[in-house]
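Undergrad: Protein sequence lines correspond, in order, to chains S and Z.
Numbering-wise, the first sequence is residues 1 to 334 according to our numbering.
Numbering-wise, the second sequence is residues 1 to 334 according to our numbering.
Glycine included, each C-beta is placed from N, C-alpha and C at the ideal position.
Protein chains: 2
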Amino acid sequence: MPVNKGIVLASRPPAAGKASLANFAIFEKELGEPGPGQVLVRHEFLSLDPYMRGRMDEARSYAASQEIGQPMIGGTVGEVVASKNPHFAVGDKVVGMGGWQTFSIDDGAALRKLDTPGVPIQAWLGALGMPGVTAWYGLNRIIAPKAGESIVVSAATGAVGSVVGQLAKAAGARAVGIAGGAAKCAYAVEELGFDACVDHYSDNFDADLKAAVPKGIDGLFENVGGKCFAACLRRLNDFSRIALCGAIASYEGKETTSLPDLRLVLVKRIKLQGFIVSDHLDLWPQALRELAGLYLAGKLKWRETIAEGIEAAPKAFLDMLEGGNFGKQLVRLA
Amino acid sequence: MPVNKGIVLASRPPAAGKASLANFAIFEKELGEPGPGQVLVRHEFLSLDPYMRGRMDEARSYAASQEIGQPMIGGTVGEVVASKNPHFAVGDKVVGMGGWQTFSIDDGAALRKLDTPGVPIQAWLGALGMPGVTAWYGLNRIIAPKAGESIVVSAATGAVGSVVGQLAKAAGARAVGIAGGAAKCAYAVEELGFDACVDHYSDNFDADLKAAVPKGIDGLFENVGGKCFAACLRRLNDFSRIALCGAIASYEGKETTSLPDLRLVLVKRIKLQGFIVSDHLDLWPQALRELAGLYLAGKLKWRETIAEGIEAAPKAFLDMLEGGNFGKQLVRLA
C-alpha cells in the first residue's frame, strides 16, 4: 500500500489578513485499495493557483470554503496506478482535482485521460488547462479583440496572462503586458511575442503604460487590480471591454480595487465583466482544442516555476501570491 | 415671415456646479424662407432630457458641447409649413432635432416623417422616441431578461424608466421601480404595471428595496446612481447585468457614483455596461416598430409633464434635473 503525503488547511488566515505557513500542516497516511469504480492516481504535478487563497477563508467567495483538516484542493496530473474503473487502465495519464497530496483515490467522474501526443503532461495544468481556458474565455468571449486593437493584460507572464497575450497576437491585436520586474517584461516581449510590457515596479509606470498604448486600451484582461488597474482606467478607449479575472493586489486585506467614477463607464460605453472559468465547462473542449492546436503549431509558449516535493507547496503558494513565481507555478510530486 | 422664438445657452454653469436660469437667454428673430432642399418646421413639442445637462459643460462628455449663443439642442416634433425639399410636403408631421425654438429650417436629412395612425405626435419624443429606444436597447441588449428574473430600474416613472418596466413585464420578468415619492411609486404599480416600486425618499429605503426583490436583482437599469445604486449593489445576484444609462444623482458636482469593490463584480460574475442609444442607430427601426406595436396593443403607457411655451423651457429643464417632472418632460410650443 502506498503512503500518501499531503498538505491540509490547518487553520484559516486572519480575516482580511495574510496567509502564512502556520495555516498549513503536512500529513502522511497509508492508502487503502481503490474500491469498486475507483482509481488510484499517483500525482506527478500539482498546480498552484491564486483562486486557492479565496478558498482558505470562510466562504465569502464564489466557491465553497476549503474545509479545515482536509487536503487543500488543487489541480493535478498523474498516472493511474490501480484501477477498479473500466474506463481507466493502469498507466493512463490523467488530469483531475487530486489536491495537495501525492496520491488520490477518485471515482473517475471528473478525471480526464490525456492522450494528445507531443504535449508535456504538466501543460494540462497550465496553458492547456484551467489557466489557459481562463485566458481563452476572457479574451475571446468578453474582450473579443479585433485586429489592430490594443489589449492589455496584467500578471502578463503568469499562467493566464501569458496565454492572453499570445491569443491576442493570434487575433491580430497589439498585446501589451504588465508584469513585475525587468526580467519578466523582457521575457514577455522576447519570448512570448508581446508588443510591449510595462514594469509595474517602475517609478515611471504610468508614463511607461501610456507610451506602450499610444492609441489607448481597447481590451483589458485584469488579473491584478490595484494601481495597475487604476492606471489602465485612465487609458481606456470608447467601447473598451474589461474582463475581470482576478484582483490579486486586493487579496488578503490589501487595498480594495474600485471603479471610482461610474461616469467613465457611461461616457466611454465601457463593458466590465467578471467571470469564472468553471461556469463555462461547455466551452472547455473547444478552448482546449484551440489551445492545443496553437501549441502544436509552435505558437503557444510558457514558462514554469517548479517547486520540488509536496512539502514545498505551502511556501511556493505564498510566494506566488506575492508575485515570486515566473510563469506557471507547479509542484513536482513524482 | 414667421418670427422664431427660442432659448440659447448664454453661459456655461460653474465647473462641477448647478445650472441656473442665468445660463439661458431668450431670443426672437424673423426667419427667412427655406432655401433649396430645405423645409421650415413649426415645432409643436420640444423634448427635455437629462443628457442636455452634459452638453452645457465644456466638452468632457461623449458628445460635443453645446455652443454658447446657439439655440439649445433638443428633439422636436412639428409640422412642415414650407418646403423646398421634394421629400416633404406642407402639412407633413415630422420628428427631428429642431432645438429649443418654435421653428427650425432643416435640410431634411435627419427629419423623419410620422405616419403611424393612432399615435399622439409627442410620443415620438418619449416612449416611441429616443427615451423609448434607450429603454429597449439597455433592457433587451444588455440586461436581456429571462422570464422570472427580477429587474430593477431607477427613475422608474421617467420617460426611460417607465418603458423599461413595461418591457420587462412583457418579457415575463418581475419589474421593480425606484422613484421619488409615494405618488410616483403608486403610479408605477397601478398604472404602469410594475410589481413593486420603492420610494427613495423613504427612511426605510434599503429595507423596502430588499423586500421588493426577495430573490435579489438579476438586472439593473441604472439612470440615477448615488445611494439608489449603492443599495442595489448589495442585492445583486450572481450573473446579474447592469445597464448603465445615466447617473443623474452625480451630475452638477454632486457626489460621485462609484463601484467601491471590484471583487463584487468578480465573485458574482456581474456585467456592467455603459451605453448611449445614439451609438445604435441601426437598431432604432426595430425598436420603434416593437414599441409602437406594444403601444397600439395597449401595453405601453406613459405620463407627461408639459410646460407651456418656449419661455418655460429653462425652468422645466432645471426642475427635471431635480426630479420635479412626473413622466416625460415636454414643452408645448404650438
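Listing by chain order, which chain Z residues have their CB less than 7 Å from the CB of S:I276?
TA: If you number the first sequence from 1, residue 276 of chain S lands on position 276. Going along chain Z in sequence order, the residues near S:I276 (Cβ under 7 Å) are R269.
Undergrad: For Z:V133, which residues from the same chain have a beta carbon less than 7 Å from its beta carbon, with the 5 sequence-adjacent residues on both sides left out?
TA: Here residue 133 of chain Z refers to the residue found at position 133 when the second sequence is read from its first residue. Hits under 7 Å: V277, W284, A287, L288.
Undergrad: Hey, is Z:L244's beta-carbon within less than 9 Å of any beta-carbon in chain S?
TA: The residue given as residue 244 of chain Z occupies position 244 in the second sequence. So yes, Z:L244 belongs to the interface.
Undergrad: For Z:S250, is the classification buried or exposed, using 16 other Cβ atoms within 10 angstroms of its Cβ as the cut-off for buried?
TA: Taking the second sequence and counting its residues from 1, one reaches residue 250 of chain Z at position 250. It counts as buried.
Undergrad: Using only alpha-carbon positions, find the residue among S:G35, S:L31, S:E304 that is nearest to S:S162.
TA: Start at 1 with the first residue of the first sequence, and residue 162 of chain S comes out as number 162. Nearest C-alpha to S:S162: S:E304.
Undergrad: Need the endpoints of the beta strand (DSSP E) that Z:G219 sits in, please.
TA: Counting from one through the second sequence, the residue named residue 219 of chain Z turns up at place 219. Looking at the DSSP string, the run of the beta strand (DSSP E) that includes Z:G219 is 217-222.
Undergrad: In the DSSP assignment, the beta strand (DSSP E) including S:V39 goes from what residue to what residue?
TA: As a first step, residue 39 of chain S is located in the first sequence; it is residue number 39 there, counting from the start. S:V39 -> beta strand (DSSP E) spans 39-47.
Undergrad: Could you check whether the stretch 235-252 of chain Z touches the stretch 235-249 of chain S, counting it as contact only if at least three pairs of C-beta atoms, one from each stretch, sit closer than 8 Å?
TA: Flag = no, the stretch 235-252 of chain Z and the stretch 235-249 of chain S do not touch.
Undergrad: If contact is defined by three or more beta carbon pairs under 8 Å, each pair taking one atom from either stretch, is the stretch 92-110 of chain S in contact with the stretch 3-21 of chain S?
TA: Short answer: they touch.
Undergrad: Please go through the same chain and pick out, in chain order, the residues whose beta-carbon is closer than 8 Å to the beta-carbon of S:L31, but skip the five residues on each side of it.
TA: Here residue 31 of chain S corresponds to residue number 31 of the first sequence, with the count starting at 1. Here the set comprises M1, P2, V3, N4, L40, F103, I105.
Undergrad: Between which residues of its own chain and Z:A292 is the CB-CB distance below 7 Å, once the five residues before and five after are set aside?
TA: One-based indexing of the second sequence puts residue 292 of chain Z at position 292. Excluding residues within five positions, the ones whose Cβ falls inside 7 Å are T116, V119, L128.
Undergrad: On a Cα-Cα basis, can you pick out the residue from Z:E58, Z:G274, Z:L220, Z:L48 that is closest to Z:A16?
TA: Position 16 of the second sequence, counting from 1, holds the residue named residue 16 of chain Z. Z:A16 has its Cα closest to that of Z:E58, out of Z:E58, Z:G274, Z:L220, Z:L48.
Undergrad: For Z:L291, which beta-bridge partners are listed by DSSP?
TA: Taking the second sequence and counting its residues from 1, one reaches residue 291 of chain Z at position 291. DSSP output for Z:L291 lists no bridge partner at all.
Undergrad: Select from S:F194, S:F221, S:V90, S:V265 the residue whose C-alpha is nearest the C-alpha of Z:N223.
TA: Numbered from its first residue, the second sequence carries residue 223 of chain Z at position 223. Among S:F194, S:F221, S:V90, S:V265, the Cα nearest to that of Z:N223 belongs to S:V265.
Undergrad: Between which two residues does the alpha helix (DSSP H) containing S:V267 stretch?
TA: The residue you call residue 267 of chain S lines up with position 267 of the first sequence. 262-267 is the span of the alpha helix (DSSP H), which, as asked, contains S:V267.
Undergrad: Cβ atoms of Z:I178 and Z:A335: under 9 Å apart, would you say?
TA: Any question about residue 335 of chain Z goes unanswered here, given that chain Z covers just 1 to 334.
Undergrad: Consult DSSP for S:A273 and reduce its assignment to one of helix, strand or coil.
TA: As a position in the first sequence, residue 273 of chain S is number 273, starting the count at 1. The amino acid at residue 273 of chain S is misidentified as Ala; the sequence shows Gln. Looking at S:Q273 - three-state DSSP - the assignment turns out to be strand.
Undergrad: With a threshold of 9 Å between beta-carbons, can S:L272 be considered close to chain Z, or not?
TA: The residue given as residue 272 of chain S occupies position 272 in the first sequence. Yes, contact with chain Z.
Undergrad: Taking contact to mean 3 or more Cβ pairs, one atom from each stretch, closer than 8 Å, check whether the stretch 186-202 of chain Z and the stretch 139-147 of chain Z are in contact.
TA: Touching, no, given that fewer than three Cβ pairs across the two stretches are closer than 8 Å.
Undergrad: Closer than 7 Å, Cβ to Cβ, to anything on chain Z: give me those residues from the stretch 255-267 of chain S, in chain order.
TA: Answer set for the stretch 255-267 of chain S: T256, T257, S258, L259, P260, D261, L262, R263, V265, L266, V267.
Undergrad: In terms of alpha-carbon separation, which member of Z:G78, Z:S83, Z:A82, Z:A109 lies closest to Z:V94?
TA: As a first step, residue 94 of chain Z must be located in the second sequence, where it is residue number 94. Z:V94 has its Cα closest to that of Z:G78, out of Z:G78, Z:S83, Z:A82, Z:A109.
Undergrad: Is it right to say Z:L296 is buried, meaning 16 or more other beta carbons lie within 10 angstroms of its own, or is it exposed?
TA: The count along the second sequence starts at 1 and reaches residue 296 of chain Z at position 296. Counting Cβ neighbours within 10 Å, Z:L296 comes out exposed, since fewer than 16 surround it.
Undergrad: Would you say S:N325 and S:A334 are within 9 Å of each other, going by their C-beta atoms?
TA: Position 325 of the first sequence, counting from 1, holds the residue named residue 325 of chain S. Position 334 of the first sequence, counting from 1, holds the residue named residue 334 of chain S. No.
Undergrad: With 9 Å set as the bound, which would you pick, yes or no: does the beta-carbon of S:A135 sit closer than that to a beta-carbon of chain Z?
TA: For the purposes of this step, residue 135 of chain S is taken as the residue at position 135 of the first sequence. Not an interface residue.
Undergrad: Can you pull the chain S neighbours of Z:S250, defined as C-beta to C-beta under 7 Å?
TA: Along the second sequence, read from residue 1 onward, the residue named residue 250 of chain Z stands at position 250. The answer, in chain order, is R263.
Undergrad: Mind pulling the chain Z residues with CB within less than 7 Å of S:A361?
TA: Coverage of chain S is limited to positions 1 through 334, which leaves residue 361 of chain S absent and any answer about it impossible.
Undergrad: Could you tell me whether the Cβ atoms of Z:V331 and Z:L46 are closer together than 9 Å?
TA: Sequence index remark: in the second sequence, residue 331 of chain Z carries index 331 (1-based). Sequence index remark: in the second sequence, residue 46 of chain Z carries index 46 (1-based). Their beta carbons are under 9 Å apart, which means Z:V331 touches Z:L46 by this criterion.
Undergrad: Nearest chain S C-beta to Z:D279 closer than 9 Å, yes or no?
TA: Here residue 279 of chain Z corresponds to residue number 279 of the second sequence, with the count starting at 1. It does; some Cβ of chain S falls within 9 Å.
Undergrad: I'd like the list of long-range same chain contacts for Z:Q64, defined as Cβ closer than 8 Å, with 5 residues on each side in sequence excluded.
TA: Counted from its first residue, the second sequence places residue 64 of chain Z at position 64. The sequence shown places Ala at residue 64 of chain Z, rather than the Gln named in the question. Counting only Cβ-Cβ distances below 8 Å, and skipping sequence neighbours, we find R55.
Undergrad: Helix, strand or coil for S:K29 per DSSP?
TA: Numbered from 1 along the first sequence, position 29 holds the residue referred to as residue 29 of chain S. Residue state, collapsed to three classes: strand.
Undergrad: Is there a Cβ from chain Z that is less than 9 Å from the Cβ of S:G225?
TA: On the first sequence, position 225 is the one that residue 225 of chain S refers to. By this cut-off, S:G225 is an interface position.
Undergrad: With Z:V189 as the anchor, note down where its alpha helix (DSSP H) starts and where it stops.
TA: The residue labelled residue 189 of chain Z in the question sits at position 189 within the second sequence. That run of the alpha helix (DSSP H) goes 182-190.
Undergrad: Quick one: Cα of S:I73 to Cα of Z:L125, how far?
TA: To locate residue 73 of chain S, count along the first sequence from 1; it is residue 73. To locate residue 125 of chain Z, count along the second sequence from 1; it is residue 125. Looking at the two C-alpha atoms, the distance is approximately 58 Å.
Undergrad: Skipping 5 residues on each side, what residues in its chain have a beta carbon closer than 8 Å to that of S:L111?
TA: Here residue 111 of chain S refers to the residue found at position 111 of the first sequence. Excluding sequence neighbours, S:L111 sits near V39, V41, F88, V94, V95, G96.
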